[in-house]
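If you read the protein sequences in the order shown, they are chains A and B.
Numbered as in this note's numbering, the first sequence ends at 206 without a single skipped number.
Numbered as in this note's numbering, the second sequence ends at 1222 without a single skipped number.
Ideal Cβ placement from N, Cα and C applies to all residues, glycine included.
Below you'll find the structure, written out as structure tokens, and then a few comments.
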Amino acid sequence: MKKDNLKQFYKEFPSNPDARVKALKSILEKEGLIDQKALDGILDTYQNKVGPLNGAKIVAKAWTNKKFKEDLIYNTDQVLKDMDLNGRQGEHVVVVENTETVHNLIVCTLCSCYPWPLLGLPPSWYKSDAYRSRAVREPRAVLSDFDVKLPRSKKVKVWDSTSEIRYLVLPQQPSRSKGLSENELVSWVTRDSMIGTGFPKPPTGE
Amino acid sequence: MSKPHDMGGRFDSRRIDIKSSNVKFKADWEKEVFAITLALGFSSLWNLDRSRYARETLEPEDYLQFSYFEKWLAGLINLLGENGIIKDGTESEDNFKKSSFRVLEAKNVKKLLNMGGPTQRDSNSEKKFNLGETVSVRANNSNTKVEKGHTRLPDYVKGRTGKVIAYHGSHVFPDANAHFLGESPEALYSVEFKSQDLWDKCEHVEDTVVVDLWESYIEKFK
Chain A
1 MKKDNLKQFY
11 KEFPSNPDAR
21 VKALKSILEK
31 EGLIDQKALD
41 GILDTYQNKV
51 GPLNGAKIVA
61 KAWTNKKFKE
71 DLIYNTDQVL
81 KDMDLNGRQG
91 EHVVVVENTE
101 TVHNLIVCTL
111 CSCYPWPLLG
121 LPPSWYKSDA
131 YRSRAVREPR
141 AVLSDFDVKL
151 PRSKKVKVWD
161 STSEIRYLVL
171 PQQPSRSKGL
181 SENELVSWVT
191 RDSMIGTGFP
201 KPPTGE
Chain B
1001 MSKPHDMGGR
1011 FDSRRIDIKS
1021 SNVKFKADWE
1031 KEVFAITLAL
1041 GFSSLWNLDR
1051 SRYARETLEP
1061 EDYLQFSYFE
1071 KWLAGLINLL
1081 GENGIIKDGT
1091 ESEDNFKKSS
1101 FRVLEAKNVK
1111 KLLNMGGPTQ
1121 RDSNSEKKFN
1131 LGETVSVRAN
1141 NSNTKVEKGH
1151 TRLPDYVKGR
1161 TGKVIAYHGS
1171 HVFPDANAHF
1181 LGESPEALYS
1191 VEFKSQDLWD
1201 KCEHVEDTVV
1211 VDLWESYIEK
1221 FK
């Protein structure tokens, strides 16, 4: 059997993370291995361009357009590709629909897999040890931390993202929002409702 | 014993800190780590599975104490060390071949991020399991090719029985790819487990957990 041990090179670096990054960066710069403009471009993408609004638009569209919803669920990758939403960490997506009887919840117990092109970067709690440990064992207790209470008539289905498949929850449309336009509905769709730790709600101020 | 990163089902009494909700980066150094890690991911010196393995194999006490991006940072440094870019004095001079390193240029950022890294592959081998079939997970979740190697088979489902609910085609096999043993694509399935079959005390008998599992992680139910 092959042996493969990465050595702990990081131990030779300053332990303060700020100083550690600076030390690393100066080596990379000296070797010409990073281009600052490219780093800026990556940050700009994930800080300003990609976020839960992408997912919210899809959900609002699925709520108002039956044909789109069917395509989204059964032909997901093609639909997202056509919308230019199948980039890094969203190459293979499965959309899971909440119903009267099933509530879906997404976690990644092994790291922090998350559908970046649809939701942006994950919130801190999604990456926390507590969420990663508890979501599969006691999802209802986890949901109560989010003030989400489910009736006993609903089954909880937890999806652990162990492969490169990324999951997006299609939440149920609140009855109060029926009749609104696709555009108006976008602001009802919260990030947490697409992870399964929340429900859609009226935009603040209403 | 499960590895430190393999957290599913571990007892943890901490509440979820939902106030941490909207923070993407807590400090500027975290932004740097994120951007550098993504940029160097395009260098062609390693792959996504290798970078996960690099984080998982940090000293266990560090894995548990480090913040999220401290793990990324330490993992990245180890990958760079493995490739001779960061030196510890034991390597030969020509260990690092700069010519094979692809530097990410600003003009390619958008294109490469949009392209991502699909892991689905064509396959000519027939899949072994059918939708609806009951399967058992291997009793041992160690990597079968590499001692203490990378795997995406979580500890909490080993030896458990569930039902195949989806087939996703053939995907790059992390247990091989993380160790540069080739992509070795395998059929990938979603397997649904009843919570009551996973935990001594489950919250609701109807609740389930779905885990994505490669074909060699599972066996016919006997």
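Candidates the options: closest to residue i by CA position
{"i": "Ile165/A", "options": "Glu182/A, Glu31/A, Val93/A, Val102/A", "result": "Val93/A"}
{"i": "Lys1220/B", "options": "Asp1175/B, Phe1193/B, Thr1134/B, Asn1143/B", "result": "Thr1134/B"}
{"i": "Trp63/A", "options": "Val186/A, Gly196/A, Phe199/A", "result": "Val186/A"}
{"i": "Tyr10/A", "options": "Val1023/B, Gly1041/B, Lys1087/B, Arg1050/B", "result": "Lys1087/B"}
{"i": "Ser1100/B", "options": "Phe1069/B, Leu1045/B, Asp1049/B, Val1109/B", "result": "Leu1045/B"}
{"i": "Asp1012/B", "options": "Val142/A, Arg191/A, Lys61/A, Leu80/A", "result": "Val142/A"}
{"i": "Ser193/A", "options": "Thr76/A, Leu168/A, Ser177/A", "result": "Leu168/A"}
{"i": "Leu1198/B", "options": "Lys57/A, Pro117/A, Gln78/A, Arg137/A", "result": "Arg137/A"}
{"i": "Lys155/A", "options": "Phe13/A, Asn98/A, Ser144/A", "result": "Asn98/A"}
{"i": "Glu1030/B", "options": "Ser1067/B, Ala1178/B, Asp1175/B", "result": "Ser1067/B"}
{"i": "Ser1216/B", "options": "Phe1129/B, Gly1149/B, Ile1018/B", "result": "Phe1129/B"}
{"i": "Val96/A", "options": "Asp77/A, Ile73/A, Leu85/A, Leu80/A", "result": "Ile73/A"}
{"i": "Pro1185/B", "options": "Lys1127/B, Leu1058/B, Tyr1156/B", "result": "Lys1127/B"}
{"i": "Tyr46/A", "options": "Ile27/A, Asp160/A, Asp84/A, Pro122/A", "result": "Pro122/A"}
{"i": "Asp84/A", "options": "Val107/A, Glu70/A, Lys57/A, Lys67/A", "result": "Lys57/A"}
{"i": "Leu6/A", "options": "His1171/B, Glu1056/B, Gly1159/B", "result": "Glu1056/B"}
{"i": "Pro171/A", "options": "Thr101/A, Ser26/A, Glu12/A", "result": "Thr101/A"}
{"i": "Lys49/A", "options": "Phe146/A, Gln78/A, Gly87/A", "result": "Gly87/A"}
{"i": "Asp160/A", "options": "Leu80/A, Val107/A, Asn65/A", "result": "Val107/A"}
{"i": "Asp1006/B", "options": "Lys1098/B, Phe1173/B, Leu1153/B, Val1172/B", "result": "Leu1153/B"}
Backbone secondary structure at residue i - three-state DSSP
{"i": "Glu138/A", "result": "coil"}
{"i": "Gln78/A", "result": "helix"}
{"i": "Phe68/A", "result": "helix"}
{"i": "Ser1136/B", "result": "strand"}
{"i": "Arg166/A", "result": "strand"}
{"i": "Thr1161/B", "result": "strand"}
{"i": "Thr1119/B", "result": "coil"}
{"i": "Tyr1217/B", "result": "helix"}
{"i": "Glu97/A", "result": "strand"}
{"i": "Val1146/B", "result": "strand"}
{"i": "Lys2/A", "result": "strand"}
{"i": "Gly1169/B", "result": "strand"}
{"i": "Tyr114/A", "result": "coil"}
{"i": "Asn48/A", "result": "helix"}
{"i": "Gln1065/B", "result": "helix"}
{"i": "Pro17/A", "result": "helix"}
{"i": "Val1083/B", "result": "Here residue 1083/B is Asn; the residue named in the question, Val, does not match the sequence. Coil, per DSSP."}
{"i": "Leu119/A", "result": "helix"}
{"i": "Asp1049/B", "result": "helix"}
{"i": "Gln8/A", "result": "coil"}
Cut-off 7 Å between Cβ atoms - residues of its own chain near residue i, not counting five sequence neighbours on either side
{"i": "Lys1194/B", "result": "Thr1208"}
{"i": "Glu1192/B", "result": "Gly1162, Lys1163, Ile1165, Thr1208, Val1210"}
{"i": "Gly1117/B", "result": "Leu1048"}
{"i": "Phe1042/B", "result": "Arg1102, Leu1104, Leu1112"}
For residue i, the residue or residues it bridges with in DSSP
{"i": "Asn104/A", "result": "Lys157/A"}
{"i": "Val1210/B", "result": "Trp159/A, Glu1192/B"}
{"i": "Glu1183/B", "result": "DSSP output for Glu1183/B lists no bridge partner at all."}
{"i": "His1204/B", "result": "Answer is none; His1204/B lacks a bridge partner."}
{"i": "His92/A", "result": "Ile165/A"}
Under 7 Å by beta carbon: chain A residues contacting residue i
{"i": "Phe1101/B", "result": "Leu33"}
{"i": "Gln1120/B", "result": "His92"}
{"i": "Glu1105/B", "result": "Asp35, Ala38"}
{"i": "Glu1070/B", "result": "Pro17"}
Nonlocal neighbours in the same chain, by C-beta distance under 6 Å from residue i, ignoring five residues either side
{"i": "Leu1073/B", "result": "Val1033"}
{"i": "Ile1218/B", "result": "Val1135, Val1137"}
{"i": "Leu150/A", "result": "His103"}
{"i": "Val1205/B", "result": "Gln1196"}
{"i": "Gly51/A", "result": "Gly120"}
{"i": "Ser1190/B", "result": "Ile1165, Ala1166, Val1210, Asp1212"}
{"i": "Leu1058/B", "result": "Ala1074"}
{"i": "Thr1144/B", "result": "none"}
{"i": "Lys1024/B", "result": "none"}
Contact set between residue i and chain B, taken where Cβ atoms lie within less than 9 Å
{"i": "Lys30/A", "result": "Neighbours of Lys30/A on chain B: none; closest Cβ ~10 Å, over 9 Å."}
Chain-ordered neighbours of residue i on chain A, where CB pairs are closer than 8 Å
{"i": "Ser1020/B", "result": "Pro123, Ser124, Trp125, Ser128"}
{"i": "Pro1154/B", "result": "Thr109, Leu110, Asp160, Thr162"}
Neighbour list for residue i in chain B, Cβ cutoff strictly below 8 Å
{"i": "Met1/A", "result": "Lys1145, Val1146, Glu1147"}
{"i": "Leu43/A", "result": "Lys1031, Phe1034, Ala1035"}
{"i": "Gly87/A", "result": "Leu1113, Asn1114, Met1115, Gly1116"}
Closer than 7 Å at the beta carbon, the chain B residues around residue i
{"i": "Tyr207/A", "result": "Residue numbering for chain A in the displayed model covers 1 to 206; residue 207/A lies beyond these limits and cannot be assessed."}
Proximity test, residue i beta-carbon vs the ligand SAH heavy atom, cut-off 7 Å
{"i": "Lys1128/B", "result": "For the structure depicted, the ligand SAH is absent and the ligand set is empty, with no information on it obtainable."}
Proximal residues to residue i (C-beta, below 8 Å), its chain only, five neighbours per side dropped
{"i": "Arg176/A", "result": "Pro202"}
{"i": "Ala1176/B", "result": "Lys1145, Gly1182, Glu1183, Ser1184"}
Where residue i meets chain A, residues with beta-carbon distance less than 9 Å
{"i": "Glu1183/B", "result": "Chain A residues near Glu1183/B: none, gap ~12 Å exceeds 9 Å."}
{"i": "Asn1047/B", "result": "Within chain A, no residue comes near Asn1047/B; the closest Cβ sits about 11 Å away, beyond 9 Å."}
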